[in-house]
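See structure below.
Protein chains: 2
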Amino acid sequence: MTQPAVREQARVAAEVAAAAAAEGYEAQEASAILAQARAAVDPELRRAVEALPGSMRRVARYHFGWEHADGTPATGNAGKAVRPALVLAAVRALGGRPERAVRAAAAVELTHNFTLLHDDVMDRDATRRHRPTAWTVFGDADAILAGDAIQAQAQRLLAEEGHPAASAAAARLAACVVELCEGQAVDVALEGRDPTDVSLPETLAMAEAKTGALLGCACAVGGLYAGADDEEVEALDAFGRCAGLAFQLIDDVIGIWGDPVRTGKPACADLAVRKKSLPVVAALASGGAAADELAALYGPPGPKKEGVAELEAIALAVERAGGRDWAQAQAADHMSRAVDRLSQAVPVPEAADGLLSLAEFVTRRGY
Amino acid sequence: MTQPAVREQARVAAEVAAAAAAEGYEAQEASAILAQARAAVDPELRRAVEALPGSMRRVARYHFGWEHADGTPATGNAGKAVRPALVLAAVRALGGRPERAVRAAAAVELTHNFTLLHDDVMDRDATRRHRPTAWTVFGDADAILAGDAIQAQAQRLLAEEGHPAASAAAARLAACVVELCEGQAVDVALEGRDPTDVSLPETLAMAEAKTGALLGCACAVGGLYAGADDEEVEALDAFGRCAGLAFQLIDDVIGIWGDPVRTGKPACADLAVRKKSLPVVAALASGGAAADELAALYGPPGPKKEGVAELEAIALAVERAGGRDWAQAQAADHMSRAVDRLSQAVPVPEAADGLLSLAEFVTRRGY
């Protein structure tokens with residue numbers, strides 16, 4: 159794409175976002191869809207967790223935000239439930255019965271949470287949903303085992319389910335787990351490499367595997383439960399993947415330029431830990447003097463001790479090298495591809511409303 | 159059980175083992191069954207591993223013994239394939255078609271190997287099947303991810319399978335994973351506790367969850383694939399569980415009194431690392447002067463620097479406190495229970511031959 163085309167797309171995306179924020183109705187609709195999905199799926203999630211024995215039940219209850227570390231009840235923050243909402247919205251979009259897909263939606267959410275538990279162990283991340291991560295509270299072994307057991311419970315939900323689409327959904331979810339693991343493996347491998355030695359295509363592929371794959375799988379599972387044909391299921395998967403990549407691009411923009419008041423994280427959080435996020439990799443790969451300047455500022459991998467001024471200088475260098483514009487244009491491009499693919503699976507625009515609201519919601523997060 | 163009854167049972171068990179060893183025919187038959195199972199399942203295992211992307215494929219190939227750490231081919235030692243052999247033997251015992259249960263047998267073996275990969279990470283075990291463990295070669299993250307992906311591949315095999323029993327088998331295998339995780343969680347928790355503070359019932363429950371559960375599940379899955387009714391499936395599960403506990407008891411005896419030439423491990427290996435194995439816990443729980451003497455020698459948890467003479471003194475103390483006799487009598491008792499439960503599922507003795515040979519093989523290992 160030419161530079162003017164990129165800018166034009168970024169401008170359009172910004173306008174779309176601004177218009178939506180001004181009206182606020184999609185966000186409102188998405189919030190209602192998410193709240194409904196959380197309410198529908200919560201009993202299944204709790205049943206799956208309560209069926210776990212001893213220490214794993216405690217870790218899972220804590221991770222889902224239902225208990226404090228000391229075992230006392232918490233009015234939890236179990237996450238936004240984007241993935242189960244996508245499952246149920248996809249069922250609805252294809253004319254199926256969402257109430258029959260609640261267990262499948264719960265299985266997708268359990269799978270997501272198993273990967274979070276394990277990723278936090280591997281990445282040594284200390285915070286998740288504004289609380290200490292499970293491994294910091296219960297140790298590595300209990301966090302790994304809780305993750306393993308939650309993956310098993312996800313598959314058990316589908317295997318014990320009578321729905322004719324359950325086996326196909328289980329196979330798709332298991333294949334997705336392999337892709338999620340691959341995304342995490344590449345992410346861990348990139349961690350240790352010099353930032354100038356990381357290519358944009360491999361970073362995009364990693365983001366698709368880590369984030370796009372499960373959003374795509376959620377939509378595809380919804381399609382399967384609604385009796386969609388192969389082509390519709392693949393189009394739904396592609397919709398979720400593209401929306402997932404758009405989300406990741408926006409999330410990476412927020413990780414650098416997000417307002418600390420809104421994000422709850424310090425300014426330039428991703429730069430402070432030298433995360434190889436998409437805007438940074440794109441900026442470094444852009445060539446020319448601005449990229450060289452950024453490479454010099456970025457230095458070798460690993461966290462640094464820097465003040466806000468130094469981090470803001472890096473953020474400016476990323477912006478000068480085109481990283482911010484590129485990411486916003488790419489996000490808009492992926493969202494438009496998502497919309498295209500969705501129209502293949504769901505030709506009637508009104509039927510696609512729920513899925514579109516959710517996709518717009520996740521890509522507008524923090525704005 | 160009274161002391162004379164325990165001794166009598168131990169004597170009978172020893173006689174049975176000696177007679178079998180003299181004739182050697184069950185061992186021969188078991189070896190043939192195992193070799194056949196390995197040959198049948200190997201292509202499915204390789205397909206599941208080859209379908210993994212990048213780093214996880216490398217870790218899995220290494221773990222299964224098909225590749226060296228540098229990626230060159232190895233004429234591997236992928237384990238004895240006891241679990242897939244149990245699946246196929248159970249199908250045969252119930253009059254089913256073993257060739258239709260090969261994928262299910264592979265799914266059980268994949269599940270076993272996923273737990274080995276994760277257990278080694280948690281236990282920081284450095285050796286598995288006479289080679290460095292995967293995490294020591296590839297790091298924790300890649301070993302955890304390979305395990306996660308292998309669990310997913312096991313479920314995928316069953317979900318993509320057309321067999322009418324596949325969903326029931328998948329549900330049973332997933333429930334078994336939760337039990338395996340619980341066994342490992344209790345094992346890790348017991349590690350850190352004072353040996354005199356560990357009860358025999360909880361150690362037996364841990365051994366059943368860690369070892370008995372998957373042997374039971376393998377037999378039950380075989381039953382499901384042969385179209386067995388609920389009662390037969392539960393009897394097969396109980397057979398595998400009892401045989402698994404008998405195996406663990408004998409394995410623990412070998413871990414203390416096994417011949418280093420045969421085991422490939424140093425004498426008293428389990429005592430050197432203060433493993434809370436069943437004979438030790440039974441000896442400590444026996445009460446009286448011999449138990450007190452052992453407790454004093456055993457000391458707090460953790461590895462010690464001791465010579466062979468000191469370790470042999472501890473082994474003698476375990477024996478004096480009745481730990482060895484108890485374990486052998488318990489093993490014989492569990493084997494006899496296993497045989498009872500098997501006869502409920504498979505009333506015709508000849509049909510049960512294969513399963514019995516396998517059970518006798520695993521409980522005679524190293525003798």
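Listed in order, the protein sequences are those of chains S and V. Residues 159 to 525 in this note's numbering are what the first sequence lists, from first letter to last. Residues 159 to 525 in this note's numbering are what the second sequence lists, from first letter to last. Where a beta carbon is used, it is the ideal one built from N, C-alpha and C, also for glycine. Bear in mind the structure is a predicted one, so any value in this text is a computation, not a measurement.
Nearest-angstrom Cα distance between residue i and residue j?
i      : j      : result
S:F428 : S:S435 : Per the sequence shown, residue 428 of chain S should be read as Asp rather than Phe. Between S:D428 and S:S435, the C-alpha separation is close to 8 angstroms.
S:T294 : S:H226 : 13 angstroms
V:A376 : S:A449 : 58 angstroms
V:G481 : V:Y383 : 40 angstroms
V:V336 : S:R478 : 52 angstroms
S:R287 : S:A365 : 20 angstroms
S:R258 : S:R330 : 18 angstroms
V:V245 : S:A363 : 39 angstroms
V:A343 : V:A333 : 15 angstroms
S:V390 : V:P211 : In the sequence as presented, Val is not what sits at residue 390 of chain S; that position holds Glu. Between S:E390 and V:P211, the C-alpha separation is close to 26 angstroms.
S:L407 : V:H492 : 59 angstroms
S:A193 : S:R522 : 17 angstroms
S:F296 : S:R219 : 12 angstroms
S:W415 : S:A467 : 13 angstroms
S:V249 : S:A386 : 9 angstroms
S:F440 : S:S357 : Residue 440 of chain S is actually Ala in this sequence, not Phe. C-alpha separation (whole angstroms): 8 angstroms.
S:A471 : V:E340 : 50 angstroms
S:L315 : V:R289 : 37 angstroms
V:G402 : V:V438 : 19 angstroms
S:P151 : S:W224 : This structure leaves residue 151 of chain S out entirely; chain S is present only between 159 and 525.
V:G237 : V:A195 : 12 angstroms
S:A209 : S:L203 : 10 angstroms
V:P353 : V:P359 : 14 angstroms
S:D281 : V:D306 : 16 angstroms
V:A371 : V:D395 : 8 angstroms
S:K106 : S:S189 : Past the boundaries of the shown model lies residue 106 of chain S; chain S is included only from 159 to 525, so the question cannot be answered.
V:L338 : V:T361 : 14 angstroms
S:L474 : S:G465 : 15 angstroms
V:Q502 : V:F397 : 10 angstroms
For residue i, which residues from the same chain have a beta carbon less than 8 angstroms from its beta carbon, with the 5 sequence-adjacent residues on both sides left out?
i      : result
V:E181 : Reliability fails at V:E181, whose pLDDT of 49 lies under 50, so the model's placement of it is uncertain and the value that follows must be treated cautiously. Closer than 8 angstroms at Cβ, skipping near neighbours: no residue.
S:Q313 : A265, A328, L331, A332
Could you give the DSSP three-state label for residue i: helix, strand or coil?
i      : result
V:T230 : coil
S:P505 : coil
S:R286 : strand
V:E225 : strand
V:G385 : coil
S:A479 : coil
V:S515 : helix
V:P242 : helix
V:R134 : Outside the displayed range of chain V (159 to 525) lies residue 134 of chain V, so it cannot be described from this structure.
V:P201 : helix
S:K434 : coil
V:K463 : coil
S:S213 : helix
S:K423 : coil
S:H270 : helix
V:S325 : helix
V:V411 : helix
S:M360 : The sequence as given places Glu at residue 360 of chain S; Met does not occur at that position. S:E360: helix per DSSP, three-state reduction.
V:R351 : coil
V:E319 : coil
V:G341 : helix
S:P418 : helix
S:A487 : helix
What does a CB cutoff of less than 6 angstroms around residue i pick up in its chain, not counting 5 residues either side in sequence?
i      : result
S:A510 : A251, L500, V504
V:Q309 : F272
V:V497 : none
S:R495 : C400
V:R216 : none
Take residue i and list the residues in its own chain whose beta-carbon comes closer than 7 angstroms to its own, dropping the five residues that flank it on each side.
i      : result
S:I191 : A243, A247, G512, S515, L516
S:V199 : A239, P242, V260, A263, A264, E267
Quick one: is residue i near chain C, going by C-beta distance under 8 angstroms?
i      : result
V:M280 : Looking at the structure shown, chain C is missing, and the protein chains on hand are S and V.
Residues of the region 289-302 of chain V in Cβ contact with chain S at a cutoff of 9 angstroms, in chain order, please.
G297, D298, A299, D300, I302
Below 8 angstroms between beta carbons is the criterion; list the residues of the region 305-317 of chain V that meet it against any residue of chain S, in chain order.
G305, D306, A307, Q309, A310, Q311, Q313, R314, L316, A317
Near-chain S residues of the region 204-219 of chain V - C-beta to any C-beta below 7 angstroms
L210, P211, G212, S213, M214
When Cβ atoms are compared, which residues of the region 328-347 of chain S fall closer than 9 angstroms to chain V?
A328, A329, R330, L331, A332, A333, C334, V335, V336, E337, L338, C339, E340, Q342, A343, V344, V346, A347
Relative to chain S, which residues along the region 353-374 of chain V have a C-beta separation below 9 angstroms, given in chain order?
A367
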